[in-house]
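Below is one structure, written out as structure tokens; the observations come after it.
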């Protein structure tokens, strides 16, 4: 399995990594088996997060005895020192390790949140102290906002950036990826298959193979998935005429309804979390039902039903998506699915 240098971390990692969201849906035994198959295939980069419920624990169990051969990345969405300390302690415990190779500030997509994680007296103080103590080796950031991601890279305070990138969400090729190269920031690609919205692994990963210095972390739920993807990335990078045609077809089919989660559509007068609602079908493919139909997802999808169709969001959307139509569709689908889930749970 080919390895590349992950920016100025100088860590050598496999271009194909492991995304730890979907294993939450599995039994513990099945989740451990999936991770161990990835290790067997030679994958060395594993990404998870405090927010991914059982993901850290399952990865920790799966890699026991192999820890020093692997690169482990996790994340915290905490925005205060106390919670950051708690998250870090839990991550070390769950992963059964005394150090984390890459610790990332999770979901930094607003100016307010970027300012918080840059504040030397805020969560960053905890992370820097942990780095000095050897509990963390490197510090990164994840974002869904192009503008915030570029600002973060320019600060030179982060060694890696995790950002969505695939053959439909190609915007990072314009400025963001070149900027990461300029600042020697390792680029980690989340959503290489559109967060579950793309199902043709061959064209998805052959497109990404054109970028030799990025790491991609597909969410893996089944052994057959990682075996298929590993075969693709270790094969020819040449895109055939048929594959190019399929890529163009999918761009035409999905591009007019594919939310990039840039959030330029916000704020919504009804406080609807528009990008979350737009991407809810992808969440359903990756998250366990108990998470999909409760908590912040349930609350946000409930707000979708309050849409007044004012159209403010569509006026702001740079991709001219039919947001009102999609919100209505997703709201109906979610309520039907939730009702069915609750009936089965009785």
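Residue numbers (our numbering): 118 to 463.
Each residue gets a CB set at the ideal place from its N, CA and C atoms; glycine is no exception.
Excluding sequence positions up to five away, which residues of its chain have a Cβ less than 7 Å from the Cβ of residue i?
{"i": "residue 402", "result": "313"}
{"i": "residue 319", "result": "349 and 360"}
{"i": "residue 169", "result": "137, 138 and 141"}
{"i": "residue 194", "result": "168, 223 and 224"}
{"i": "residue 183", "result": "156"}
{"i": "residue 301", "result": "124 and 125"}
{"i": "residue 230", "result": "196"}
One question on the structure: do residue i and residue j come within less than 8 Å of each other, judged by their Cβ atoms?
{"i": "residue 152", "j": "residue 180", "result": "yes"}
{"i": "residue 317", "j": "residue 371", "result": "no"}
{"i": "residue 423", "j": "residue 387", "result": "yes"}
{"i": "residue 139", "j": "residue 198", "result": "no"}
{"i": "residue 126", "j": "residue 118", "result": "no"}
{"i": "residue 115", "j": "residue 392", "result": "Examination of residue 115 is not possible in this model, given that the chain is present from 118 through 463 alone."}
{"i": "residue 405", "j": "residue 141", "result": "yes"}
{"i": "residue 334", "j": "residue 294", "result": "no"}
{"i": "residue 311", "j": "residue 285", "result": "yes"}
{"i": "residue 358", "j": "residue 326", "result": "no"}
{"i": "residue 209", "j": "residue 218", "result": "no"}
{"i": "residue 123", "j": "residue 332", "result": "yes"}
Mind reading off the beta-carbon distance from residue i to residue j? Whole number of angstroms is fine, and I expect it under 8 Å.
{"i": "residue 200", "j": "residue 165", "result": "About 18 Å separates the two Cβ atoms, so there is no contact after all."}
{"i": "residue 507", "j": "residue 252", "result": "The first residue shown for the chain is 118 and the last is 463, placing residue 507 beyond what the model contains."}
{"i": "residue 382", "j": "residue 297", "result": "About 26 Å separates the two Cβ atoms, so there is no contact after all."}
{"i": "residue 255", "j": "residue 268", "result": "Not a contact, Cβ separation roughly 20 Å."}
{"i": "residue 340", "j": "residue 150", "result": "7 Å"}
{"i": "residue 121", "j": "residue 329", "result": "7 Å"}
{"i": "residue 263", "j": "residue 288", "result": "6 Å"}
Since residue i is in the alpha helix (DSSP H), which residue starts that stretch and which ends it?
{"i": "residue 200", "result": "198–211"}
{"i": "residue 130", "result": "Here residue 130 belongs to no alpha helix (DSSP H); instead the beta strand (DSSP E) covers 129–131."}
{"i": "residue 443", "result": "440–462"}
{"i": "residue 412", "result": "412–421"}
{"i": "residue 294", "result": "293–299"}
{"i": "residue 253", "result": "Segment 253–259 is the beta strand (DSSP E) holding residue 253; no alpha helix (DSSP H) there."}
{"i": "residue 138", "result": "From DSSP, residue 138 is part of no alpha helix (DSSP H); its letter is neither H nor E."}
{"i": "residue 425", "result": "Element bounds for residue 425: n/a, residue is neither H nor E."}
{"i": "residue 233", "result": "228–235"}
{"i": "residue 322", "result": "318–325"}
{"i": "residue 238", "result": "From DSSP, residue 238 is part of no alpha helix (DSSP H); its letter is neither H nor E."}
{"i": "residue 289", "result": "Element bounds for residue 289: n/a, residue is neither H nor E."}
{"i": "residue 407", "result": "406–409"}
{"i": "residue 263", "result": "263–271"}
{"i": "residue 379", "result": "Careful: residue 379 lies outside any alpha helix (DSSP H) and carries neither H nor E."}
{"i": "residue 155", "result": "145–157"}
{"i": "residue 362", "result": "358–371"}
State buried or exposed for residue i, treating a residue as buried only when at least 16 other CB atoms are found within 10 Å of its CB.
{"i": "residue 338", "result": "buried"}
{"i": "residue 173", "result": "buried"}
{"i": "residue 185", "result": "exposed"}
{"i": "residue 457", "result": "exposed"}
{"i": "residue 228", "result": "exposed"}
{"i": "residue 336", "result": "buried"}
{"i": "residue 415", "result": "exposed"}
{"i": "residue 67", "result": "Here the chain comprises residues numbered 118 to 463, so residue 67 is not present and cannot be evaluated."}
{"i": "residue 206", "result": "exposed"}
{"i": "residue 390", "result": "buried"}
{"i": "residue 427", "result": "exposed"}
{"i": "residue 384", "result": "exposed"}
{"i": "residue 464", "result": "Outside the modelled stretch of the chain, which goes from 118 to 463, sits residue 464, for which no answer is possible."}
{"i": "residue 129", "result": "exposed"}
{"i": "residue 161", "result": "buried"}
{"i": "residue 303", "result": "buried"}
Name the two residues that bound the continuous beta strand (DSSP E) containing residue i.
{"i": "residue 282", "result": "No beta strand (DSSP E) holds residue 282; DSSP gives it neither H nor E."}
{"i": "residue 180", "result": "Run containing residue 180: none; DSSP gives neither H nor E here."}
{"i": "residue 219", "result": "217–222"}
{"i": "residue 303", "result": "303–307"}
{"i": "residue 122", "result": "120–122"}
{"i": "residue 400", "result": "Taken as a continuous stretch (DSSP letters only), residue 400 belongs to no beta strand (DSSP E), being part of the alpha helix (DSSP H) at 397–403."}
{"i": "residue 163", "result": "162–164"}
{"i": "residue 190", "result": "188–193"}
{"i": "residue 331", "result": "331–333"}
Under 6 Å Cβ to Cβ from residue i, same chain only, skipping five residues before and after it: list those, please.
{"i": "residue 410", "result": "455 and 458"}
{"i": "residue 447", "result": "394 and 397"}
{"i": "residue 315", "result": "321"}
{"i": "residue 159", "result": "118"}
{"i": "residue 444", "result": "394, 421 and 424"}
{"i": "residue 243", "result": "198, 201 and 202"}
{"i": "residue 350", "result": "133 and 322"}
{"i": "residue 418", "result": "451"}
{"i": "residue 399", "result": "312, 313 and 314"}
By Cβ distance, which residues of its chain are closer than 8 Å to residue i, with the 5 residues on each side in sequence left out?
{"i": "residue 163", "result": "134, 135, 137, 152, 155, 176, 180, 187, 188, 189 and 190"}
{"i": "residue 234", "result": "196, 222, 225, 240, 241 and 258"}
{"i": "residue 260", "result": "224, 225, 226, 266, 269, 278, 279 and 280"}
Is any heavy atom of the ligand FAD found at a distance shorter than 7 Å from the C-beta of residue i?
{"i": "residue 415", "result": "Although the ligand FAD was asked about, the structure shown includes no ligands whatsoever."}
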